[in-house]
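Here is the structure we will look at, set down as structure tokens.
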Ligand code: HEM
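In our numbering, the protein residues as written are 263 to 531.
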């Protein structure tokens, strides 16, 4: 249901390589009618209304939203941001895992050592710095949402390593993360997948402030807030991915992946 709803919103903005100008005229010139997804959307809205009752209630009492507004906003976050984001990210995570077979043993060792006397959870996974580094490196090389834009709210100066740009209020700025996160002045061998790049041993903590997949730095006090457009799931996304990897390595002695499908899964004895 969400796939169809997502496709209808994204199709007017993405290229599917149909002969131009046909694509522009027939696919990119108008928004598609809601009735195409109406019945499924209604089912999803009813699901949110019943399953997120407490949150919908809180939106009304604490934030003065109507029930309708709360339900649609929650459904948008669930379907577009969360489901849409992970749909892209989990595929590139699996793809990195398939390509980096030589580091599986080391990752498995870390997971099992940290879980020797513990149960896997959002708390215990945070001790697994190699697993986190692997996740961060995947986000660095394959940011799931590569382009961002924003309109300047005031005049200001934008600095790079070696230049200063005068930005005027109202100008539109565009950022392209794959380029930013492969800056050779910041990242050594920027094009290589270095699975332990973000570990303490490698001095990786200071690199987190240059990890921008969430439309803002992964570390630092200036995190997601109402005055920026940084992803509010900045911390939850890497943590969920780390939890997924840790679960795989805890449960299986061998994992092999070919073009994002599992080809071998040997259960731990
Ligand atoms: C792998 C998963 C995810 C990725 C890659 C991702 C990425 C991003 C990015 C790049 C932005 C900034 C977009 C812009 O340019 O304006 C953003 C914004 C946002 N994300 Fe995420 N996100 C993910 C998961 C989630 C989840 C789980 C939530 C649920 C809480 C979420 C909620 C949001 C919201 C509400 C915004 C808009 C923030 C604003 O404009 O103030 N995202 N996300």
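Ideal Cβ placement from N, Cα and C applies to all residues, glycine included.
Counted within 10 angstroms of its Cβ, other Cβ atoms place residue i as buried (16 or more) or exposed
{"i": "residue 272", "result": "exposed"}
{"i": "residue 373", "result": "buried"}
{"i": "residue 396", "result": "buried"}
{"i": "residue 532", "result": "Past the edges of the chain, shown from 263 to 531, lies residue 532, and the structure says nothing about it."}
{"i": "residue 402", "result": "buried"}
{"i": "residue 320", "result": "exposed"}
{"i": "residue 496", "result": "buried"}
{"i": "residue 380", "result": "exposed"}
{"i": "residue 477", "result": "buried"}
{"i": "residue 399", "result": "buried"}
{"i": "residue 449", "result": "buried"}
{"i": "residue 404", "result": "buried"}
{"i": "residue 519", "result": "buried"}
{"i": "residue 325", "result": "exposed"}
{"i": "residue 351", "result": "buried"}
{"i": "residue 499", "result": "buried"}
Residues that DSSP places opposite residue i in a beta bridge
{"i": "residue 529", "result": "514"}
{"i": "residue 346", "result": "In the DSSP output, where bridge partners are listed per residue, residue 346 has none listed."}
{"i": "residue 429", "result": "418"}
{"i": "residue 413", "result": "434"}
{"i": "residue 519", "result": "524"}
Between the CA atoms of residue j and residue i - distance to the nearest angstrom
{"i": "residue 384", "j": "residue 376", "result": "13 Å"}
{"i": "residue 525", "j": "residue 470", "result": "33 Å"}
{"i": "residue 509", "j": "residue 523", "result": "17 Å"}
{"i": "residue 387", "j": "residue 371", "result": "13 Å"}
{"i": "residue 528", "j": "residue 293", "result": "47 Å"}
{"i": "residue 378", "j": "residue 530", "result": "14 Å"}
{"i": "residue 414", "j": "residue 447", "result": "26 Å"}
{"i": "residue 422", "j": "residue 521", "result": "37 Å"}
{"i": "residue 313", "j": "residue 274", "result": "31 Å"}
{"i": "residue 465", "j": "residue 346", "result": "32 Å"}
{"i": "residue 503", "j": "residue 348", "result": "9 Å"}
{"i": "residue 434", "j": "residue 412", "result": "6 Å"}
{"i": "residue 362", "j": "residue 323", "result": "49 Å"}
{"i": "residue 490", "j": "residue 327", "result": "21 Å"}
{"i": "residue 281", "j": "residue 290", "result": "13 Å"}
{"i": "residue 295", "j": "residue 454", "result": "44 Å"}
{"i": "residue 302", "j": "residue 494", "result": "27 Å"}
{"i": "residue 315", "j": "residue 364", "result": "46 Å"}
{"i": "residue 330", "j": "residue 276", "result": "29 Å"}
{"i": "residue 452", "j": "residue 343", "result": "28 Å"}
{"i": "residue 517", "j": "residue 445", "result": "32 Å"}
{"i": "residue 467", "j": "residue 482", "result": "11 Å"}
{"i": "residue 338", "j": "residue 270", "result": "13 Å"}
{"i": "residue 514", "j": "residue 456", "result": "23 Å"}
{"i": "residue 416", "j": "residue 472", "result": "24 Å"}
{"i": "residue 484", "j": "residue 288", "result": "42 Å"}
{"i": "residue 436", "j": "residue 382", "result": "40 Å"}
{"i": "residue 311", "j": "residue 488", "result": "25 Å"}
{"i": "residue 431", "j": "residue 367", "result": "52 Å"}
Beta carbon proximity, residue i to chain D, threshold 8 Å
{"i": "residue 408", "result": "Of the chains in the structure shown, none is chain D; there is only one protein chain."}
Contact belief for residue i with residue j at Cβ below 8 Å, rounded distance in angstroms
{"i": "residue 486", "j": "residue 480", "result": "With a Cβ gap of about 11 Å, residue 486 and residue 480 do not count as contacting."}
{"i": "residue 501", "j": "residue 474", "result": "18 Å between Cβ atoms; not a contact."}
{"i": "residue 264", "j": "residue 341", "result": "5 Å"}
{"i": "residue 369", "j": "residue 506", "result": "Contact doesn't hold; Cβ gap of about 12 Å is too wide."}
{"i": "residue 286", "j": "residue 278", "result": "Rounded, the Cβ-Cβ distance is 12 Å, inconsistent with contact."}
{"i": "residue 318", "j": "residue 267", "result": "Contact doesn't hold; Cβ gap of about 19 Å is too wide."}
Inter-stretch contact (C-beta, 8 Å, three-pair minimum) for the segment 332–349 and the segment 300–308: yes
Any 3 or more C-beta pairs closer than 8 Å across the segment 456–469 and the segment 378–392: yes
contact_flag[the segment 352–359, the segment 415–435] where n(CB pairs < 8 Å) is 3 or more: no
The segment 436–450 / the segment 401–420 touching (three or more Cβ pairs under 8 Å): yes
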